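Here's the structure, in C-alpha cells; my notes come after.
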Amino acid sequence: MEKHSKIKNFVIAILTPLPSILFYLSFLHNHSSFPRSNIWSFCYEHPLLLANILFFFNVDLLFWVIGLLLSNNWLIDLYWTVIPVLLVHYFSSHPNSKSNGLRSNIVIVLTWVWSIRLTHNYFRREKWEWGKREDWRFSDMRKQYGKNWWWISFFVVYLSQQVFIIGICLPMYAINASDQSWGIYDLMALLTCITGITVAYFADTQLHEFVTRNETSKKLDMPVMPNLETGLWRYSRHPNYFGEQLFWWGLYLFAWNLGYTWMFVGPLVNSMCLGYVTVLVERRMVEKEYRAEAYRQYQRTTSVWIPWFRGSKVDEIKERSLQQSQRTSVWIPWFRGSKVDEIKERSLQQSQRTSVWIPWFRGNKIDEIKERSPQQSQKRTSVWVPW
Numbered sequence: 026m027e028k029h030s031k032i033k034n035f036v037i038a039i040l041t042p043l044p045s046i047l048f049y050l051s052f053l054h055n056h057s058s059f060p061r062s063n064i065w066s067f068c069y070e071h072p073l074l075l076a077n078i079l080f081f082f083n084v085d086l087l088f089w090v091i092g093l094l095l096s097n098n099w100l101i102d103l104y105w106t107v108i109p110v111l112l113v114h115y116f117s118s119h120p121n122s123k124s125n126g127l128r129s130n131i132v133i134v135l136t137w138v139w140s141i142r143l144t145h146n147y148f149r150r151e152k153w154e155w156g157k158r159e160d161w162r163f164s165d166m167r168k169q170y171g172k173n174w175w176w177i178s179f180f181v182v183y184l185s186q187q188v189f190i191i192g193i194c195l196p197m198y199a200i201n202a203s204d205q206s207w208g209i210y211d212l213m214a215l216l217t218c219i220t221g222i223t224v225a226y227f228a229d230t231q232l233h234e235f236v237t238r239n240e241t242s243k244k245l246d247m248p249v250m251p252n253l254e255t256g257l258w259r260y261s262r263h264p265n266y267f268g269e270q271l272f273w274w275g276l277y278l279f280a281w282n283l284g285y286t287w288m289f290v291g292p293l294v295n296s297m298c299l300g301y302v303t304v305l306v307e308r309r310m311v312e313k314e315y316r317a318e319a320y321r322q323y324q325r326t327t328s329v330w331i332p333w334f335r336g337s338k339v340d341e342i343k344e345r346s347l348q349q350s351q352r353t354s355v356w357i358p359w360f361r362g363s364k365v366d367e368i369k370e371r372s373l374q375q376s377q378r379t380s381v382w383i384p385w386f387r388g389n390k391i392d393e394i395k396e397r398s399p400q401q402s403q404k405r406t407s408v409w410v411p412w
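Okay, structure coming up:
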C-alpha cells in the first residue's frame, strides 16, 4: 500500500466518529443550561434511542458513503472493535444514568480490554496497515451482486452492524440504568467475561503464529501445514469464536442479574450470525485442494465451537453407548447381552420348525414331506392334461 493511502486512511479513521462525539459533548454542555429545549430534553430522556440515532447517521450513512467513495468497506471492520468502547462511555456518562459504581467501572475496564485485544489482532492480521483490505466476505459479495452492490452494501454491511453492535451492547445500558448492589451473579459474569477474553486471545495468537509459519515456509519453498490442530485448536475448530461469544454472554449476565432478561436477544442474534459466518469460513477452508481432505478429517474429529474431546475419544464414547443400548431392553426389565441374543435365536429356530396355524409334524418331518411333494409331482404327474 502506498504511503499517501496509509495517511489518508488514518485521517479518515480518526475523523469519521467526530460528528457523534461532538454532538454528544454539545448535549452534555447544554442540556442543563437549556432544559426546556426539545432536542436536549429528548436526548436526556431517551439515551438508548439517541445512541441508535447517532449510530444510524454517523455509521450507517457516513461510513456507507465513505465505503462507496473508496470502493472498500474496511472502516466498519476497524470500528467493530472501537464502537463498544464509545458506547460504554456514552451510557456511563449520560446525565440520566444511575449505576453501581463498582459494576459500571468493571464493565468499562472489561470493554477496554476486549477492544485492545481485538484491535491488536486486527492490525496484526493486516500487517499494521490502515485500510489494507476489506473483509473477504464483503469482497465476495461485491463480486456476487455486481452493479447492485452499492445499495445492497448499505443493508448488509452497515445497517446490519447496528443490529449486532447495539444488540450486544444493550447490557451496558442496563448496567447504567440500575444501582443495585454487587452480587454473586455479577462475579459469575465477570469470570465468564475474563474467560472469554483469555480464550479468544490465545486462540487468535496461535492462529497468527500458524499463518506466519506457513507464510515463511512458502517463501522458502518448504511444505506448509494444511491445518492448525494444536493448542486450543486441537479441541475446537473455532476457539476464537467461542471465546468471543463467551465474553458477550458474560456481559449479558450482568443485565440478567439486574432484571433485563430480554436482552439475551442481542448475544443470541450475534451468535446466530457467527454461526452463519462459521459455515462460510469452513466452505472456504475446503476450497483449496491442498488442505481439503485434511480439513474434512479435522471436521469429523473436532468440535465446532465448544472445546471438547477429539476424534477417537468421542467415537469410543459413542460406540460404547451404542453397544450398551443394543444389549439392553428398552422398557421391560430383561436379561442383557448374549442371553438376549441366545433367546432370540432359539425362538427364531423354533418358529421355523413349527406350523403357523394347522397342527402338523414339526421340524425335519415337515421338510421331508415338502421335499417329497415337489419331486413326486414333477416326476410322476402331468401338469394339465390327464395322462
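Throughout the sequence shown, residue numbering follows our numbering, covering 26 to 412 in sequence.
Ideal Cβ positions, reconstructed from N, Cα and C, are used throughout, including at glycine.
Note that the structure is a prediction, hence the values are computed from the model and not measured.
Can you grab the Cα-Cα spacing for the pair residue i / residue j, in whole Å?
| i | j | result |
| --- | --- | --- |
| W99 | I91 | 10 Å |
| K31 | T286 | 44 Å |
| P248 | R316 | 12 Å |
| G171 | I177 | 10 Å |
| K33 | L40 | 11 Å |
| R162 | S62 | 45 Å |
| I101 | N55 | 31 Å |
| W356 | S328 | Because W356 carries a pLDDT of 49, less than 50, the predicted location of this residue cannot be relied on, and the following value inherits that uncertainty. Computed Cα separation, rounded: 33 Å. |
| L79 | L94 | 21 Å |
| R158 | N97 | 7 Å |
| S58 | C68 | 14 Å |
| Q169 | K152 | 27 Å |
| K28 | V36 | 13 Å |
| V224 | L299 | 17 Å |
| L195 | N77 | 11 Å |
| L127 | F180 | 38 Å |
| L232 | N252 | 10 Å |
| T237 | K244 | 11 Å |
| V319 | K313 | For clarity, residue 319 is Ala in the given sequence; the question names Val instead. In a straight line, the C-alpha of A319 is about 11 Å away from that of K313. |
| R167 | P44 | 28 Å |
| M297 | T303 | 10 Å |
| I64 | M197 | 23 Å |
| I131 | N146 | 23 Å |
At a Cβ threshold of 8 Å, is residue i touching chain D?
| i | result |
| --- | --- |
| N98 | In the structure shown, chain D cannot be found, because there is only a single protein chain. |
In this structure, does DSSP put residue i in helix, strand or coil?
| i | result |
| --- | --- |
| S242 | helix |
| K123 | strand |
| S51 | helix |
| W356 | Reliability fails at W356, whose pLDDT of 49 lies under 50, so the model's placement of it is uncertain and the value that follows must be treated cautiously. W356: coil per DSSP, three-state reduction. |
| S58 | coil |
| S203 | strand |
| L232 | helix |
| V249 | coil |
| K28 | helix |
| E318 | helix |
| H114 | helix |
| S185 | helix |
| E70 | helix |
| L278 | helix |
| R262 | coil |
| W153 | coil |
| N34 | helix |
| T136 | helix |
| I39 | helix |
| L212 | helix |
| S129 | helix |
| S45 | helix |
| W330 | coil |
| S296 | helix |
| K395 | The predicted position of K395 is uncertain, since its pLDDT is 49 and thus under 50; a value taken from the coordinates is nonetheless stated next. In this structure, K395 counts as helix in the three-state DSSP scheme. |
| L283 | coil |
| E159 | coil |
Anyone know if the C-beta pair for residue i and residue j falls short of 8 Å?
| i | j | result |
| --- | --- | --- |
| W281 | I222 | no |
| W330 | Y260 | no |
| S66 | P72 | no |
| L278 | Y210 | yes |
| N265 | M250 | no |
| T217 | L271 | yes |
| A228 | W155 | no |
| R321 | V311 | yes |
| M288 | A199 | yes |
| Y183 | V84 | yes |
| F189 | V294 | yes |
| N201 | H119 | yes |
Report buried or exposed for residue i, applying the criterion of at least 16 other Cβ atoms within 10 angstroms of its Cβ.
| i | result |
| --- | --- |
| R308 | exposed |
| S350 | Any reading at S350 must be qualified, since the residue scores a pLDDT of 49, below 50, and its modelled position is unreliable; the value itself is stated next. Classification for S350: exposed. |
| S164 | exposed |
| Y301 | exposed |
| G275 | buried |
| G208 | exposed |
| N121 | exposed |
| V134 | exposed |
| G284 | exposed |
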